[in-house]
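As they're listed, the protein sequences go chains A and B.
All the letters of the first sequence, read from the start, carry residue numbers 175 to 260 under our numbering.
All the letters of the second sequence, read from the start, carry residue numbers 5 to 422 under our numbering.
Each residue gets a CB set at the ideal place from its N, CA and C atoms; glycine is no exception.
Okay, structure first, notes after.
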Amino acid sequence: MQEIINEKVSVIMTYNQSSGLVKPEKIKWQGRVHTIETIGYHHKFHEGKKLIHIFSVADRCLAFRLRFDSDTLHWTLEEISDGNPN
Amino acid sequence: MEIQISRSKPTIMHIDLNSCFASAEQQANPLLRGKPIAVAAYSSPNGCVLSPSIEAKRLGIKVGMRVKDARHLCKGIVIRTPDPPKYRDIHLKFCKLFRDYSPLVVPKSIDEAVLDFADTAILYQSLARVGKEIKQRMRIEIGEWISCNIGIASNRFLAKLAASLHKPDGLDVIDHHNLLQIYAQVKLIDLNGINIRYQSRLNACGIFTPLDFFKASEEKLEKQVFRSIVGRYWYYKLRGFETDAIEPKRKSFGQTYSLGKPTDDPAKLAPMLMKLCEKMGRRLRRGNFVASGIHLAILYWDRTFWHQSKLFHTTLFTTQELFAKTMLLFNYQPQLKTVANLSVSCFGLQSISTQQLSLFELDRTRQHQLALAVDKINDRYGEYVLTPALMMGMKDLIIDRVAFGGVRELEDLYHLDN
């Protein structure tokens, strides 16, 4: 099941200078903390001159689509999915 | 004179991503991996399946099927709608990776590219080994769920055929040693460029298999089967000689929209046409062109079709100019019927620098400058920040799509990337 959320969330992110990897580690959404286990894909695109990063990540039972606005530095949880049909 | 099979070294590599959109969704969402999923234009029952995953293909789900038919074949299929920025990102990443191997990378569509290794130092290695390395790097650098088919041959046609032999994740080489064996294994319809109509034309001339096609003389193909120079091109490309290494020049810009809710109301159709003209106009202006003709095609709900094109004395540049001429054609319709699909294109392109300036129409120059200023604002703050009033409330209606099979829209993609 896929659900559109579009809510601001808190995110803890790490940057590893030796590997150059940037990774969202934890998301706090509606009072619950989800620990990210897999980074599925990271892509970016422009909305005008604004650069938007999309991190498609997952914990054990939910996949999250996170949007990072490089202009405001805000994180938005755009959608969640449990991988089952709607 | 009979021409023998080309004995030149295979230097063309065709790379085709497997189930590109569906694999991209499975890459992004690990919970979808290994499951039958499909990317469809719309998730509604009549939505058209654009890309079934490898697992869905095994269940008989094919491109072009309706979502409801796909659900009949697999009740638990997961349907996703397209995410064009993700697919464009994958396209840009794989093209960048391919440029590490060859300076001549020609994208053929959002999920296909041709690499030409002629005169490159890499030819001292085996191209099959290079192909394996590319596959491995794609999995590491783009995503572990992204796989591709690779075909290697002496021309683009045979390289594409080689890439279609073992799906998914295949790698095949066609050269003068195995060409006839390969032709003996495939059907006419498997050859790139042969559709049902061409197949019946070939059948009518006694050609039923690729081997018959190969054995047909140049004269027969040119004078009897194709009745044009196309027959001669086929004669050469079937033997491994290059006839397709031509990059077509842009002749038009066009936009299409399939209506979710078909309607015959001109008040509802006009804003849609305006949005199509705005999208088309943005691409026209970005390419530094002006147009002198408009083509409007309408597919009605009763499956009938009407189209009209017209050349104008004045050149068209702004969205308003394009829209005014489109509405002129729209009103030529003999009968107002329920519309299912709208398609607008502009043609007769000239470079803006060679455009004839008018001594008397100063307002026009101002309008052109205004259009460029509006484009600049939209480039800075995002699409449709400033739009014609007629387009109000249309932002989410004609949404972003990836063109199927076409490469022309990729020009816009490279523009966005820079």
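How long is the line joining the alpha carbons of residue i and residue j, rounded to whole angstroms?
i: residue 126 of chain B; j: residue 345 of chain B; result: 48 Å
i: residue 55 of chain B; j: residue 133 of chain B; result: 29 Å
i: residue 224 of chain A; j: residue 121 of chain B; result: 38 Å
i: residue 9 of chain B; j: residue 177 of chain B; result: 15 Å
i: residue 12 of chain B; j: residue 41 of chain B; result: 42 Å
i: residue 315 of chain B; j: residue 232 of chain B; result: 28 Å
i: residue 175 of chain A; j: residue 258 of chain B; result: 36 Å
i: residue 200 of chain A; j: residue 250 of chain A; result: 13 Å
i: residue 251 of chain B; j: residue 208 of chain A; result: 50 Å
i: residue 124 of chain B; j: residue 157 of chain B; result: 16 Å
i: residue 218 of chain B; j: residue 150 of chain B; result: 35 Å
i: residue 190 of chain A; j: residue 147 of chain B; result: 20 Å
i: residue 174 of chain B; j: residue 290 of chain B; result: 39 Å
Give me the chain B residues within the contact set of residue i, using Cβ-Cβ distance strictly less than 9 Å, ordered along the chain.
i: residue 218 of chain A; result: 89 and 93
Show which residues of chain A have a CB atom less than 7 Å away from the CB atom of residue i.
i: residue 345 of chain B; result: In chain order: nothing, as chain A lies at least about 26 Å away.
i: residue 385 of chain B; result: 222
Near residue i, which residues of its chain fall below 7 Å by C-beta distance, leaving aside the five closest residues on each side in sequence?
i: residue 322 of chain B; result: 285, 371, 372 and 375
i: residue 227 of chain A; result: 216, 218, 242 and 244
i: residue 47 of chain B; result: 71, 83 and 85
DSSP three-state label for residue i, please.
i: residue 55 of chain B; result: strand
i: residue 67 of chain B; result: coil
i: residue 78 of chain B; result: coil
i: residue 226 of chain B; result: helix
i: residue 318 of chain B; result: strand
i: residue 422 of chain B; result: Unreliable positioning characterises residue 422 of chain B in this predicted model, as indicated by a pLDDT of 45, which lies under 50. The coordinate reading is nonetheless provided below. Three-state DSSP puts residue 422 of chain B in coil, outside helix and strand.
i: residue 225 of chain A; result: strand
i: residue 389 of chain B; result: coil
Tell me which residues share the same chain as residue i and place their Cβ nearer than 6 Å to its Cβ, disregarding the 5 neighbours each side in the sequence.
i: residue 169 of chain B; result: 176
i: residue 311 of chain B; result: 301
i: residue 193 of chain B; result: 203
i: residue 230 of chain A; result: 214, 215 and 239
i: residue 209 of chain B; result: 228 and 229
i: residue 186 of chain B; result: 178
i: residue 225 of chain B; result: 235, 238 and 239
Apart from the five residues just before and just after residue i, which ones in its own chain have a Cβ nearer than 8 Å to its Cβ?
i: residue 341 of chain B; result: 268, 304, 305, 306 and 308
i: residue 82 of chain B; result: 36, 39, 40, 41 and 42
i: residue 422 of chain B; result: At residue 422 of chain B the pLDDT is 45, less than 50, meaning the model places this residue with poor confidence; the figure from the coordinates comes in the next sentence. Result list for residue 422 of chain B: empty, nothing under 8 Å.
i: residue 392 of chain B; result: 278, 282, 323, 324 and 327
i: residue 59 of chain B; result: 38, 39, 40 and 41
Since residue i meets chain A, which of its residues come closer than 9 Å, beta carbon to beta carbon?
i: residue 279 of chain B; result: Under the 9 Å cutoff, chain A gives no residues; its nearest Cβ is about 18 Å from residue 279 of chain B.
Name the chain B residues that come within less than 7 Å of residue i, Cβ to Cβ?
i: residue 189 of chain A; result: Correct list: empty, because the minimum Cβ distance to chain B is about 19 Å.
i: residue 255 of chain A; result: 33 and 35
i: residue 212 of chain A; result: 34
Against residue i, what residues of chain A qualify as contacts under a CB-to-CB distance less than 8 Å, listed in chain order?
i: residue 100 of chain B; result: Chain A residues near residue 100 of chain B: none, gap ~13 Å exceeds 8 Å.
i: residue 39 of chain B; result: 257
i: residue 43 of chain B; result: By Cβ distance, chain A contributes nothing, its closest Cβ being about 13 Å from residue 43 of chain B, past 8 Å.
Tell me whether residue i, by its Cβ, gets closer than 7 Å to a heavy atom of the ligand GTP.
i: residue 391 of chain B; result: Among the components of this structure there are no ligands whatsoever, and the ligand GTP is therefore not found.
Going residue by residue through the stretch 249-310 of chain B, where are the continuous alpha helix (DSSP H) segments of at least 4 residues, counting only ones entirely within it?
270-290
Complete runs of the beta strand (DSSP E) confined to the stretch 139-198 of chain B [at least 3 residues]
152-157 and 175-177
Ranges of the beta strand (DSSP E) found wholly within the stretch 93-128 of chain B, counting only runs of at least 3:
108-113 and 116-120
Quick check for students: name the residue ranges of the beta strand (DSSP E) that lie wholly in the stretch 13-62 of chain B, counting only runs of 3 or more.
16-21, 41-44 and 53-56
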